[in-house]
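Numbering (my numbering), first residue to last: 416 to 646.
Every residue, glycine too, gets a C-beta built ideally from N, C-alpha and C.
Let me begin by presenting the structure, written as structure tokens, before commenting on it.
Okay, here's the thing in structure tokens:
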């Protein structure tokens, strides 16, 4: 299996794509399912999210951010700590973020699209082993707007190693999250949108036993993200 790592700006369809967003979209989405959400629809634009709710899904909740900050009028931001306490049972979530959902939008048309973070690392690696693509591209969504994206590169490297059948110690990989450009926000006294508890939740390796499988829904101009267990 040939492995490529590309920044968000270079993301495009491929045989198999794994879109990585550790801080925080693809840590948040498994938490949404864990809290009982019935459906997650990812979109690229803020107004696209609002229109999808207003025109098709009036009972859906809007979740998302721009620059880390919860979008005005949205029900939730992009914080796993917030979501871990939210009542989302049986709700459809429309999710828009400035990194993770952008990566999904850029890679529609791929043979396989998975969304992943440390919390779903092993399940994602297992899905790749089962699918056995000849080539997989990891989209490092945090590598954009001048940020190094090392939190996402670390998760991608761990998943790629496990997909090859290796079993490295995850600690050196998760340690890179706190020292990444984005990770340095999640400290006491940092921005209000970056609670330190989020960082702790984002480095819980294999917290969930499923990966996230993305499927395009042309009729809704959205991408459905579902919990997927390979095997």
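Pairwise C-alpha distance: residue 448 and residue 428: In the chain shown, the residue the question calls residue 428 occupies position 13. In the chain shown, the residue the question calls residue 448 occupies position 33. Answer to the nearest angstrom: the Cα atoms are 26 angstroms apart.
Beta-carbon contacts of residue 364 that lie in its chain and below 6 angstroms, excluding the five residues immediately before and after: Shown here, the chain extends from 416 to 646; a query on residue 364 therefore has no answer.
Rounded distance between the beta-carbons of residue 418 and residue 551, thought under 8 angstroms: Counted from its first residue, the chain shown places residue 551 at position 136. Counted from its first residue, the chain shown places residue 418 at position 3. By a beta-carbon distance limit of 8 angstroms, residue 551 contacts residue 418. Their separation comes to about 6 angstroms.
Residue range of the unbroken alpha helix (DSSP H) whose run includes residue 533: In the chain shown, counting from the first residue as 1, residue 533 sits at position 118. Counting along the chain, residue 533 falls outside any alpha helix (DSSP H), and DSSP gives it neither H nor E.
The region 542-551 touching the region 454-462, judged by at least three CB pairs closer than 8 angstroms: Taking a contact to require three or more Cβ pairs closer than 8 angstroms, the region 542-551 and the region 454-462 do not qualify as touching.
Euclidean distance between Cα positions of residue 602 and residue 611: Mapped onto the chain shown, residue 602 falls at position 187. Mapped onto the chain shown, residue 611 falls at position 196. About 5 angstroms.
Neighbourhood of residue 495 by C-beta distance below 7 angstroms, restricted to the same chain and skipping five residues each side: If you number the chain shown from 1, residue 495 lands on position 80. For residue 495, where only same-chain residues beyond five positions count, the Cβ hits under 7 angstroms are 439, 442, 443, 446, 613, 616, 617.
C-beta atoms of residue 504 and residue 451 nearer than 8 angstroms: Working through the chain shown from its first residue, we reach residue 504 at position 89. Working through the chain shown from its first residue, we reach residue 451 at position 36. Less than 8 angstroms separates the beta-carbon of residue 504 from that of residue 451.
Length at least 4, wholly inside the region 610-642: the alpha helix (DSSP H) runs in chain order: Fully contained in the region 610-642 are the following alpha helix (DSSP H) runs of length 4 or more, in chain order: 611-617.
Check whether residue 576 and residue 567 have beta carbons under 8 angstroms apart: The sequence position of residue 576 within the chain shown is 161, counting from 1. The sequence position of residue 567 within the chain shown is 152, counting from 1. The Cβ-Cβ distance between residue 576 and residue 567 does not fall below 8 angstroms.
Buried versus exposed call for residue 556 [16 or more other C-beta atoms within 10 Å across all chains shown]: Walking along the chain shown from the start, residue 556 turns up at place 141. With 16 or more other CB atoms across the displayed protein chains lying within 10 angstroms of its CB, residue 556 is buried.
Beta strand (DSSP E) segment containing residue 430, residue limits: As a first step, residue 430 is located in the chain shown; it is residue number 15 there, counting from the start. It is not in any beta strand (DSSP E) - residue 430 carries neither H nor E in the DSSP assignment.
Nearest to residue 627 (by Cα), restricted to the options 634, 573, 515, 604: Here residue 627 refers to the residue found at position 212 of the chain shown. When only C-alpha atoms are compared, the closest one is 515.
Top-ranked residue by Cα proximity to residue 633, from 433, 598, 524, 538: The sequence position of residue 633 within the chain shown is 218, counting from 1. The shortest CA-to-CA distance from residue 633 to any of 433, 598, 524, 538 is the one to 524.
Beta-bridge partners of residue 523, as assigned by DSSP: Taking the chain shown and counting its residues from 1, one reaches residue 523 at position 108. Per DSSP, none; premise fails for residue 523.
Cβ-heavy atom distance, residue 641 to the ligand ADP, below 7 angstroms: What this structure holds is no ligand at all, so the ligand ADP is not there to describe.
Proximity below 8 angstroms, CB of residue 531 to CB of residue 539: On the chain shown, residue 531 is found 116 positions in, with the first residue counted as 1. On the chain shown, residue 539 is found 124 positions in, with the first residue counted as 1. Their beta carbons are under 8 angstroms apart, which means residue 531 touches residue 539 by this criterion.
Residues near residue 490 in its chain [Cβ-Cβ closer than 7 angstroms; skip 5 each side]: Counted from its first residue, the chain shown places residue 490 at position 75. Closer than 7 angstroms at Cβ, skipping near neighbours: 476, 477, 478.
Spatial neighbours of residue 643 in its chain, beta-carbon cut-off 7 angstroms, leaving aside the 5 residues before and after: Along the chain shown, read from residue 1 onward, the residue named residue 643 stands at position 228. Within its own chain, the residues whose Cβ lies closer than 7 angstroms to the Cβ of residue 643, once the five positions on either side in sequence are excluded, are 542, 625, 626, 627, 628, listed in chain order.
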